[in-house]
Structure formats: C-alpha cells, structure tokens
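Under numbering that gives the first Met the number 0, think of the first position of the sequence shown as 0, with each following residue one higher.
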Amino acid sequence: MNDHDYMRMALSLAETAAELGETPVGCVIVDETTGEVVAGAANGPIGMSDPTAHAEILALRRAAETVGNYRLPSGLTMYVTLEPCAMCAGAISHARVSRLVYGASDQKGGAVEHGGRFFEQPTCHWRPDVTSGVDADAAAKLLKDFFKARR
Numbered sequence: 000m001n002d003h004d005y006m007r008m009a010l011s012l013a014e015t016a017a018e019l020g021e022t023p024v025g026c027v028i029v030d031e032t033t034g035e036v037v038a039g040a041a042n043g044p045i046g047m048s049d050p051t052a053h054a055e056i057l058a059l060r061r062a063a064e065t066v067g068n069y070r071l072p073s074g075l076t077m078y079v080t081l082e083p084c085a086m087c088a089g090a091i092s093h094a095r096v097s098r099l100v101y102g103a104s105d106q107k108g109g110a111v112e113h114g115g116r117f118f119e120q121p122t123c124h125w126r127p128d129v130t131s132g133v134d135a136d137a138a139a140k141l142l143k144d145f146f147k148a149r150r
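Listed below in structure tokens is the structure:
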C-alpha cells in the first residue's frame with residue numbers, strides 16, 4: 000500500500016463525517032513497518048459536543064490507547080485529509096508522530112504550511128516529516144461540496 004491508498008481510507012472517513020453533518024475530515028494512523036492501520040477517526044466536534052474532537056485528535060487518542068503510551072512509537076504515519084490546525088499540530092508533536100501526510104491545504108485554519116507554521120517554531124520540540132498535497136483535489140472537492148450544500 001502507498002500514500003494514496005491510505006489517504007483514500009482517510010477520505011472514506013471524511014465522507015462518513017460529512018454524512019453525519021460534520022466537516023468532512025478523516026484521519027488514519029499507520030504503522031509503516033507492518034502497513035497496519037493502528038487507528039482511524041472521522042471529525043466529530045458537533046456530534047460529540049467537543050471542540051477538540053477533530054479527526055486527528057480522536058485518531059491520536061485511539062492510537063495511544065492501542066499502543067499503551069501517549070508518545071507513539073517511531074514509524075507511525077498520520078494521514079489526514081486536511082492540513083492540521085494549530086491544536087492538532089501541537090498534539091501531533093506531543094505524540095511524536097514520525098510522519099504527517101495531508102491532502103488539502105487550509106489557508107484559513109491550517110498551521111503546517113499556513114498560519115503559525117507550528118512545526119517551524121523554536122518552541123516545537125518534535126517535528127514530523129511532512130508530505131502535503133496527497134489526493135488534495137479529492138479532499139478539497141469533498142470540503143467544497145459539503146459547504147456549498149449548506150449555503
């Protein structure tokens with residue numbers, strides 16, 4: 000399996016989020032050595048009444064529970080359909096995710112290549128390797144269609 004295969008899994012979770020009325024963001028965390036999906040989640044702030052229930056945070060919580068440690072072992076890659084916000088970038092750093100792969104850029108709320116560029120800050124203690132733009136068109140279309148239907 001490759002980056003596109005795992006991103007398609009994340010996109011499927013994003014579609015699930017959209018069906019539930021949540022902003023369509025999905026995330027999977029993969030062990031690069033085995034190819035095993037350690038955790039996955041769809042966005043859930045509305046349904047969970049929890050402003051921190053972004054797909055990345057939920058997937059990190061599940062992965063940490065699976066491995067039994069708040070710091071994830073090296074070799075885990077997070078695939079998320081949208082550029083992480085500052086909260087999620089901070090959590091990715093604290094969890095020690097080895098690699099971050101995301102689809103669509105987020106000029107308004109993103110914090111990796113936009114906004115505060117969290118991983119470039121001197122106060123950031125852990126920086127994952129970052130790959131952006133994987134299946135970006137599909138991720139962006141899902142978001143645009145979701146918000147267009149609500150206008």
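Ideal Cβ positions, reconstructed from N, Cα and C, are used throughout, including at glycine.
Since the model is a prediction, treat every value here as computed from it, not as a measurement.
Use the C-beta contact count for Asp128: other C-beta atoms within 10 angstroms, 16 or more gives buried, fewer gives exposed. On the sequence shown, residue 128 is found 129 positions in, with the first residue counted as 1. Counting every other CB atom within 10 Å of its CB across the protein chains shown gives Asp128 a total below 16, marking it as exposed.
Going by alpha carbons, who is nearest to Thr65 out of Pro83, Leu99, Ala52 and Asp30? Translated into the one-based positions of the sequence shown, residue 65 becomes position 66. For Thr65, the nearest C-alpha among the options comes from Asp30.
Assuming Ser172 is part of the alpha helix (DSSP H), what are its boundary residues? An answer regarding residue 172 cannot be provided, because it is not within the stretch 0 to 150 covered by the chain.
Touch check for the segment 45 to 52 and the segment 65 to 83: three-plus C-beta pairs under 8 Å? Contact between the segment 45 to 52 and the segment 65 to 83 is not established, with fewer than three Cβ pairs separated by less than 8 Å.
Give the C-beta separation of Phe117 and Thr22 to the nearest angstrom, bearing in mind that I take them to be a contact with Cβ-Cβ under 8 Å. Mapped onto the sequence shown, residue 117 falls at position 118. Mapped onto the sequence shown, residue 22 falls at position 23. The beta-carbon distance between Phe117 and Thr22, rounded to whole angstroms, is 20 Å. This is too long to meet the 8 Å contact definition.
Euclidean distance between Cα positions of Glu35 and Ala62: Taking the sequence shown and counting its residues from 1, the one referred to as residue 35 is at position 36. Taking the sequence shown and counting its residues from 1, the one referred to as residue 62 is at position 63. Near 12 Å, if we compare the C-alpha coordinates of Ala62 and Glu35.
What's the C-alpha gap between Cys87 and Asn42? As a first step, residue 87 must be located in the sequence shown, where it is residue number 88. As a first step, residue 42 must be located in the sequence shown, where it is residue number 43. When the Cα atoms are used, Cys87 and Asn42 turn out to be separated by approximately 12 Å.
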